[in-house]
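Beneath this line is the structure, given in structure tokens, with notes to follow.
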Amino acid sequence: MFITPAFAQAAGAAGDTNSMLMSLLPFAMIFVIMYFLILRPQQRKAKEHANLVKNIRRGDTVVTNGGLVGKVTKVVDDEQIEMEVSDGVRIRQMRQMIAAVRSKGEPTSEAVAS
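In numbering that gives the first Met the number 0, the protein residues as written are 0 to 113.
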């Protein structure tokens, strides 16, 4: 009729493992939700920006992070471009600081050949 103290303690220990897993389940679910709602879209956006920056060519109209709008006159190297913001005013800009490409310029010689 009465449960001995030793038997009652043994039963409680087995239940603690299950309750510990159930208490960790919300944290795991929060991490999964954060991954799909925050981390994945951010990684996708960074990949799209890297592709946009890589494909800048002469003649493109670009907008910088600072708000300057200009036309690309020369691709200096993998890190810099030269752009014209006004008649006769040319500046060098880091590629990573390009926010958007408004209109595409002339095709490269590889695209013309094929």
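Glycine included, every Cβ here is placed at the ideal spot set by N, Cα and C.
As the structure is a prediction and not an experimental result, all values here were calculated from the model.
Contact check for G69 against E83 passes: the beta carbons are separated by less than 8 Å.
Here D77 is exposed: its Cβ has fewer than 16 other Cβ atoms, across all protein chains shown, within 10 Å.
The stretch 91 to 103 makes contact with the stretch 50 to 58; the number of CB pairs closer than 8 Å reaches 3 or more.
Using a Cβ distance threshold of 8 Å, T60 and R89 do not count as a contacting pair.
The C-beta distance from R57 to V71 rounds to 5 Å, short enough to fall under 8 Å.
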